[in-house]
Amino acid sequence: MFLTFLGGAGTVTGSKTLVEAGAPGEEQRVLIDCGLFQGPREIRERNWETFPIDPATVKAVILTHAHLDHCGYLPALVREGFAGPVYCSPNTADLVPIILRDSAKLQEEDTAWARTKGFSRHVDPRPLYDATDAEQAIALLRPIEFGIDITPIPSLTARLAPAGHILGSSTITLVDQLRQRTVVFSGDLGRGNHPLLEGPHPPEDADAVVIESTYGDREHGDVEAEIDEMAAAITRTLHRGGTVVIPAFAVDRTEVLLIALRRLQDQQRIPMAQISVDSPMALAALRVYVQAIRDHDPEILTAIDAEGPEAIDLPNLDEATTREQSMALDSGGPRIIVSASGMASGGRVTHHLKAALPDRRNTILLVGYQAVGTPGRLLLDGVHELKIHGQYVPVRAEIAEIEAFSVHAGPQELVDWIAGTREPPAQVFVNHGEPEAAEALADRIRDQLDVAVVMAQPGDRVRI
Ligand SMILES: [Zn+2]
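Following numbering that gives the first Met the number 0, the residues of the sequence shown are numbered contiguously, the last one being 463.
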């Protein structure tokens with residue numbers, strides 16, 4: 000079996016790994032994840048490059064989870080000729096349509112905006128894909144339960160196990176039946192302390208493991224201390240009459256945040272204020288989470304299962320669904336706005352940032368991973384002006400960072416996960432991380448597990 004790293008190698012977005020297996024001369028192709036490149040323009044432009052192989056020759060796609068950087072390129076793949084099944088867990092199959100429809104809409108809106116305002120470098124800007132392409136991709140989704148074997152191509156078996164990162168997230172085990180070789184893909188791996196989800200299952204014994212490295216060089220801080228910091232930042236902002244804007248990934252991060260905000264309110268650690276979720280996508284995802292709790296889904300933590308859907312139900316939650324409701328939130332004053340996207344690279348949160356950044360009373364609370372070059376990272380790096388929709392906006396608001404909500408395993412958690420196999424794998428490939436993070440994780444795995452570790456390079460083809 001051969002792996003080729005097409006995306007998510009040397010960067011945290013655009014995850015795509017090509018797998019080729021079968022008798023010599025009859026090899027067939029499967030793609031593990033089909034993510035969108037996100038972040039700075041030079042990375043995003045990779046979405047526009049000709050796909051390195053003919054998409055029509057890919058027999059199936061298997062998704063680890065519903066985040067855009069793992070599934071967001073699917074409609075483009077379909078548009079270029081892919082027509083096979085897209086296997087994923089049942090909860091992923093419920094979340095992916097929400098993500099893809101939103102992504103298609105954002106692409107269309109951004110294109111229309113660029114066309115009217117004339118700030119695109121292209122004379123006639125076009126979206127990467129549109130709503131029709133997204134619907135065609137959604138029609139290909141095939142949910143499969145955890146632990147059930149499927150045969151995406153002859154001689155290759157695939158099965159999923161929970162990864163504890165977001166609802167539906169899975170690790171993928173592939174077995175080449177001809178050569179009896181096994182490879183496990185971590186996808187994005189949870190930390191085992193998700194407030195809603197059970198932790199990741201240990202990997203099966205494998206000849207090779209492909210592991211993510213988003214937090215490969217950074218230990219997570221003390222969660223309780225960070226929650227205290229968040230409570231303090233929210234309290235001082237609301238007391239000075241300011242708005243707290245929280246850019247948050249619509250899927251999972253919003254749910255995790257709502258639980259935390261509800262607990263802080265219940266414990267009277269933050270003042271009561273209106274909490275607005277301004278993201279139709281986040282609200283749709285919230286319904287999938289609530290349904291999973293109602294259905295006693297095995298991914299849901301026992302304690303949350305016992306508490307029921309009230310666990311993520313806030314009495315003072317304001318749902319901004321229309322554009323008018325969204326715009327009304329920018330009138331200022333003490334309130335909390337949770338809005339997507341998580342790195343502020345698009346979506347409604349960009350409008351809230353434009354309104355909130357120039358006023359010292361406000362706070363931008365960054366609660367997730369901020370990739371290099373994204374507006375979120377620029378704010379963390381202390382820029383004085385931020386370019387939004389082609390215009391520079393002065394940054395006077397307080398910028399606070401809370402890492403407590405990370406749903407990515409830290410470096411030691413990643414090593415411990417690999418060490419969960421009975422026999423160590425012969426090879427480990429580190430992907431889905433910025434180069435320093437991937438390098439640091441590779442060193443740590445080598446030191447502790449004494450196995451061959453390679454940093455996945457874009458375009459690199461390896462034999463398992
Ligand atoms: Zn993810």
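In this text, a Cβ means the ideal position worked out from N, Cα and C, and glycines have one as well.
None of these values were measured; they are calculated from a predicted model.
Cβ distance (whole Å) where residue i is taken to contact residue j below 8 Å
| i | j | result |
| --- | --- | --- |
| Leu-73 | Pro-54 | Not a contact, Cβ separation roughly 10 Å. |
| Leu-35 | Gly-71 | 3 Å |
| Pro-308 | Pro-357 | Not confirmed; about 39 Å, so no contact. |
| Val-11 | Asp-68 | 7 Å |
| Asn-361 | Gly-241 | 4 Å |
| Leu-300 | Leu-195 | 6 Å |
| Pro-96 | Thr-110 | Incorrect: roughly 21 Å between the Cβ atoms, too far for contact. |
| Ile-363 | Ala-319 | Their Cβ separation, rounded to whole angstroms, is 18 Å, which puts Ile-363 and Ala-319 out of contact at 8 Å. |
| Gly-146 | Ala-370 | At roughly 33 Å, the Cβ-Cβ gap does not stay under 8 Å, so Gly-146 and Ala-370 are not in contact. |
| Leu-17 | Ile-42 | Between Ile-42 and Leu-17 the Cβ distance is about 19 Å, and since that is not below 8 Å, they are no contact. |
| Val-382 | Leu-2 | With a Cβ gap of about 38 Å, Val-382 and Leu-2 do not count as contacting. |
| Ala-418 | Val-429 | Ala-418 to Val-429, Cβ: 15 Å. No contact. |
Proximity test, residue i beta-carbon vs ligand 1 heavy atom, cut-off 7 Å
| i | result |
| --- | --- |
| His-383 | no |
| Ile-97 | no |
| His-69 | yes |
| Asp-93 | no |
| Ile-171 | no |
| Asp-187 | yes |
| His-496 | This structure cannot settle anything about residue 496, because the visible part of the chain is limited to 0 through 463. |
| His-66 | yes |
| His-164 | yes |
Counterpart residues of residue i in DSSP-defined beta bridges
| i | result |
| --- | --- |
| Pro-161 | Ser-169 |
| Asp-277 | Ser-338 |
| Glu-223 | None, per the DSSP bridge assignment. |
| Phe-36 | Partner(s): none; Phe-36 has no beta bridge. |
| Phe-4 | Thr-16 |
| Pro-142 | Cys-87 |
| Ala-59 | Val-29 |
| Glu-41 | Glu-41 pairs with nothing; no bridge assigned. |
| Leu-356 | Answer by DSSP bridge pairing: none, since Leu-356 is not bridged. |
| Val-174 | Thr-156 and Thr-181 |
| Val-209 | Phe-184 and Phe-428 |
| Ile-299 | Leu-196 |
| Thr-469 | The structure shown does not extend to residue 469, since the chain is modelled only from 0 to 463, so the question has no answer here. |
| Ala-451 | Gln-426 |
| Arg-462 | Phe-1 |
| Thr-362 | Val-243 and Glu-397 |
Below-8 Å beta-carbon distance, residue i vs any chain C residue
| i | result |
| --- | --- |
| Leu-195 | The chain labelled as chain C is not found in the depicted structure, where only one protein chain is given. |
Residues near residue i in its chain [Cβ-Cβ closer than 8 Å; skip 5 each side]
| i | result |
| --- | --- |
| Pro-434 | Gly-9 and Met-454 |
| Thr-234 | Arg-268, Ile-269 and Pro-270 |
| Ser-405 | Arg-190, Tyr-214, His-219, Gly-367 and Tyr-368 |
| Asp-187 | Thr-63, His-64, His-66, His-69, Ala-162, His-164, Ile-165, Ser-168, Glu-211, Thr-213, Val-406, His-407 and His-431 |
| Val-222 | Asn-192 and Ala-403 |
Nonlocal neighbours in the same chain, by C-beta distance under 6 Å from residue i, ignoring five residues either side
| i | result |
| --- | --- |
| Ala-310 | Ile-303 |
| Ser-338 | Asp-277, Ser-278, Arg-347, Val-348 and His-351 |
| Gly-21 | Gln-27 and Ser-154 |
| Ile-463 | Met-0, Arg-180, Val-182, Asp-206 and Ala-207 |
| Ala-506 | Residue 506 is absent from the model: the chain starts at 0 and stops at 463. |
| Thr-172 | Arg-158, Val-183 and Glu-203 |
| His-200 | Ala-160 and Pro-161 |
| Gln-426 | Ala-207 and Ala-451 |
| Arg-141 | Pro-84 and Tyr-86 |
| Asp-459 | Phe-4 |
Close Cβ partners of residue i (< 7 Å) along its chain, the five nearest in sequence each way excluded
| i | result |
| --- | --- |
| Thr-94 | This sequence places Leu at residue 94; Thr is not what is there. Result list for Leu-94: Ala-65, Leu-166, Gly-167, Val-250, Ala-284 and Val-287, in chain order. |
| Ala-103 | Pro-74, Tyr-128, Asp-129, Ala-130, Asp-132 and Ala-133 |
| Ala-272 | Leu-237, Pro-333, Arg-334 and Ile-335 |
| Ala-354 | Asp-329 |
query = At what residue ranges does the segment 86-134 contain a whole run of the alpha helix (DSSP H), taking only runs of 4 or more?
reply = Those alpha helix (DSSP H) runs which fall completely within the segment 86-134 and span 4+ residues are 89-116.
Any alpha helix (DSSP H) of 4 or more consecutive residues that is wholly inside the segment 226-282 = Here the runs fully enclosed are 252-265.
inquiry  = Restricting to runs no shorter than 3 residues, where is the beta strand (DSSP E) found entirely within the segment 305-331?
reply    = Listed in chain order, they are 316-318.
request  = Within the segment 373-440, note down every full beta strand (DSSP E) run reaching 3 residues or more, in order along the chain.
outcome  = Counting only runs of 3 or more, we get 384-387, 390-393, 397-400 and 426-430.
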